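Numbering (the numbering used here), first residue to last: 3 to 330.
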């Protein structure tokens with residue numbers, strides 16, 4: 003059985019997201035107060051280190067949720083990415099954040115890792131393999147009532163990138179490959195532009211076959227109007243947009259981290275090294291020129307996504323916790 007307590011009542015959640023400190027402090031205090039009634043502590047990123055240390059005193063198993071690769075590795079990856087563009091790093095990973103995370107995973111009994119890439123990053127950081135639990139993220143079909151409606155094939159393809167259009171997600175690499183591919187169609191970038199991208203990619207962004215939309219709450223139409231999804235990300239955990247795109251029946255063209263460990267190469271899409279421009283040019287051309295291949299991969303992607311809805315993912319996560327509890 004389970005015992006669920008909401009630390010922040012539903013009617014106060016809007017206030018929580020408006021104030022970054024007080025509600026968080028109150029939620030963590032409530033968590034510690036109620037912990038005596040529970041068998042396991044399940045903590046997410048953003049929990050204060052003091053709270054993690056306090057939880058450890060209860061002598062109960064601690065499961066930490068990780069949503070990205072180990073921050074030390076992520077910083078190295080992103081430092082290199084900005085350097086290749088001739089820019090100073092513009093990410094927010096600080097030595098203090100790295101130190102906090104490393105203290106956390108030393109305290110924790112188990113770490114949930116949403117992709118093999120995340121598992122590998124923590125192994126390389128010195129975390130023992132038996133502490134690392136491979137999981138997935140998920141998606142919510144109910145948020146997309148028309149997700150089964152898809153754009154009919156046409157002579158001009160619409161390739162979609164959706165998310166924060168930043169160096170971390172490799173949108174500059176996609177723009178470069180798109181220019182070289184010479185495809186008859188449109189590259190749609192749906193999401194806010196990082197200033198570094200606006201600065202370094204202005205010539206590509208001004209192309210008539212590149213369209214940019216700022217992020218909006220109703221973005222389901224962007225998926226429905228696309229022919230396939232392109233995501234050459236450099237650092238990720240398991241990006242939710244991949245699950246959503248697959249759920250909409252879109253084949254995926256992605257980097258290994260962009261595919262989030264769920265895109266099967268040659269089945270649901272094509273996985274390519276992010277910095278291999280020629281491979282991306284060929285990948286863009288291959289999916290653009292073959293409606294039959296897109297349909298086959300898209301159908302496979304949709305079926306896979308239907309097994310990765312949040313209730314299913316939560317049930318698997320709960321089963322993993324129970325298995326570890328029984329084993330220990």
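Heads up, the beta-carbon is just placed ideally off N, CA and C, and yes, glycines get one too.
Only a predicted model underlies this, so the values are computations on that prediction, with no experimental measurement involved.
message: Tell me the rounded alpha-carbon separation between residue 24 and residue 243.
response: Working through the chain shown from its first residue, we reach residue 24 at position 22. Working through the chain shown from its first residue, we reach residue 243 at position 241. In a straight line, the C-alpha of residue 24 is about 31 Å away from that of residue 243.
field: Continuous alpha helix (DSSP H) assignments of at least 4 residues falling wholly in the region 203-250
entry: 204-207, 222-226 and 242-249
task: Determine, using beta-carbon pairs with one atom in the region 96-114 and one in the region 181-190, whether at least three such pairs fall under 8 Å.
output: no
query: Among 69, 304 and 293, which residue has its Cα nearest to the Cα of residue 46?
result: Within the chain shown, residue 46 is the residue found at index 44, counting from 1. Checked all of 69, 304 and 293; the closest Cα to residue 46 is 69.
- prompt: Between the beta-carbon of residue 239 and the beta-carbon of residue 120, is there less than 8 Å?
  reply: In the chain shown, counting from the first residue as 1, residue 239 sits at position 237. In the chain shown, counting from the first residue as 1, residue 120 sits at position 118. Contact: yes.
- prompt: What residue range is occupied by the uninterrupted beta strand (DSSP E) comprising residue 285?
  reply: If you number the chain shown from 1, residue 285 lands on position 283. Residue 285 -> not in any beta strand (DSSP E); alpha helix (DSSP H) instead, spanning 279-291.
message: Along the chain, where does the alpha helix (DSSP H) containing residue 254 start, and where does it finish?
response: One-based indexing of the chain shown puts residue 254 at position 252. Unbroken run through residue 254 is the beta strand (DSSP E), 254-256; no alpha helix (DSSP H).
- prompt: Can you give, in chain order, each stretch of the beta strand (DSSP E) that sits fully within the region 147-194 and has at least 3 residues?
  reply: 159-164 and 187-192
field: Inter-residue CB distance, residue 192 and residue 224 (contact presumed, cutoff 8 Å)
entry: Residue 192 sits at position 190 when you count from the first residue of the chain shown. Residue 224 sits at position 222 when you count from the first residue of the chain shown. The pair is a contact, with the Cβ atoms about 5 Å apart (cut-off 8 Å).
- request: Output the boundary residues of the alpha helix (DSSP H) element that contains residue 127.
  value: Sequence index remark: in the chain shown, residue 127 carries index 125 (1-based). No alpha helix (DSSP H) holds residue 127; DSSP gives it neither H nor E.
query: Could you give the residue range of the beta strand (DSSP E) that holds residue 110?
result: Mapped onto the chain shown, residue 110 falls at position 108. Premise fails: residue 110 is in no beta strand (DSSP E) and is neither H nor E.
query: For residue 84, does the three-state DSSP call read helix, strand or coil?
result: Taking the first residue of the chain shown as position 1, residue 84 is located at position 82. It is helical.
field: Backbone CA spacing between residue 153 and residue 159 [nearest angstrom]
entry: Position 151 of the chain shown, counted from the first residue, corresponds to residue 153. Position 157 of the chain shown, counted from the first residue, corresponds to residue 159. Here the C-alpha atom of residue 153 lies approximately 10 Å from the C-alpha atom of residue 159.
- request: Check each candidate in 64, 54 and 37 and name the one with the smallest Cα separation from residue 323.
  value: Translated into the one-based positions of the chain shown, residue 323 becomes position 321. Comparing Cα positions, the closest option is 64.
query: Taking Cβ to Cβ, would you say residue 179 is nearer than 8 Å to residue 253?
result: On the chain shown, residue 179 is found 177 positions in, with the first residue counted as 1. On the chain shown, residue 253 is found 251 positions in, with the first residue counted as 1. Their beta carbons are not under 8 Å apart, which means residue 179 does not touch residue 253 by this criterion.
For residue 46: DSSP bridge partner residues: Looking up residue 46 in the chain shown gives position 44. Answer is none; residue 46 lacks a bridge partner.
- request: Report, in whole angstroms, the separation of the C-beta atoms of residue 263 and residue 299, which I expect to be a contact under 8 Å.
  value: Translated into positions along the chain shown, residue 263 becomes position 261. Translated into positions along the chain shown, residue 299 becomes position 297. The C-beta separation of residue 263 from residue 299 comes to about 17 Å, leaving the pair out of contact by the 8 Å criterion.
- request: With a 10 Å radius around its C-beta and 16 neighbouring C-beta atoms as the bar for buried, classify residue 246 as buried or exposed.
  value: One-based indexing of the chain shown puts residue 246 at position 244. So residue 246 ends up on the buried side.
- request: In the DSSP assignment, find the beta strand (DSSP E) that holds residue 271 and state where it starts and stops.
  value: Here the question's residue 271 lines up with position 269 in the chain shown. Residues 271-273.
Buried versus exposed call for residue 82 [16 or more other C-beta atoms within 10 Å across all chains shown]: As a first step, residue 82 is located in the chain shown; it is residue number 80 there, counting from the start. Result: exposed.
- request: Quick one: measure Cβ to Cβ for residue 198 and residue 66, integer angstroms, because I've assumed they're closer than 8 Å.
  value: Translated into positions along the chain shown, residue 198 becomes position 196. Translated into positions along the chain shown, residue 66 becomes position 64. Rounded, the Cβ-Cβ distance is 31 Å, inconsistent with contact.
field: residue 1 - containing alpha helix (DSSP H), residue span
entry: Because the chain spans 3 through 330 in this model, residue 1 falls outside it and cannot be assessed.
- prompt: Comparing alpha-carbon positions, which option in 11, 48, 60 and 12 lies nearest residue 35?
  reply: Residue numbering aside, residue 35 sits at position 33 when the chain shown is read from its first letter. The candidate whose alpha carbon is nearest that of residue 35 is 60.
field: Cα-Cα separation, residue 95 to residue 147
entry: Here the question's residue 95 lines up with position 93 in the chain shown. Here the question's residue 147 lines up with position 145 in the chain shown. Using only the alpha carbons, I get a separation of about 37 Å.
Three-way DSSP call (helix, strand, coil) for residue 139 in this model: Taking the first residue of the chain shown as 1, we reach residue 139 at position 137. Three-state DSSP puts residue 139 in coil, outside helix and strand.
- prompt: Does the Cβ-Cβ distance between residue 319 and residue 114 come in under 8 Å?
  reply: In the chain shown, the residue the question calls residue 319 occupies position 317. In the chain shown, the residue the question calls residue 114 occupies position 112. Cβ atoms of residue 319 and residue 114: closer than 8 Å.
- prompt: Would you call the CB atoms of residue 241 and residue 165 closer than 8 Å?
  reply: As a first step, residue 241 must be located in the chain shown, where it is residue number 239. As a first step, residue 165 must be located in the chain shown, where it is residue number 163. Annotated as proximal: residue 241 and residue 165, with beta-carbon spacing under 8 Å.
Residue range of the unbroken beta strand (DSSP E) whose run includes residue 64: For the purposes of this step, residue 64 is taken as the residue at position 62 of the chain shown. 64-67 is the span of the beta strand (DSSP E), which, as asked, contains residue 64.
message: For the region 271-289 against the region 224-238, do three or more pairs of beta-carbon atoms, one drawn from each stretch, fall closer than 8 Å, so that the two count as touching?
response: Yes, they touch.
message: What would DSSP say about residue 58, mapped onto helix, strand or coil?
response: Here residue 58 is taken as the residue at index 56 of the chain shown, counted from 1. The answer is helix: DSSP assigns residue 58 an H, G or I state.
- request: Put residue 267 into one of helix, strand or coil per three-state DSSP.
  value: Mapped onto the chain shown, residue 267 falls at position 265. Strand at residue 267.
- request: Give the DSSP-derived three-state secondary structure of residue 37 in the structure shown.
  value: For this step, residue 37 is matched to residue 35 along the chain shown. Residue state, collapsed to three classes: helix.
query: Sorted by chain position, which residues of the same chain lie with C-beta nearer than 7 Å to residue 54's C-beta, five sequence neighbours on each side aside?
result: For this step, residue 54 is matched to residue 52 along the chain shown. Closer than 7 Å at Cβ, skipping near neighbours: 45, 106 and 109.
query: If we ignore side chains and look at the alpha-carbon of each, how far apart do residue 78 and residue 85 end up?
result: Here the question's residue 78 lines up with position 76 in the chain shown. Here the question's residue 85 lines up with position 83 in the chain shown. Approximately 11 Å, taken between the alpha carbons.
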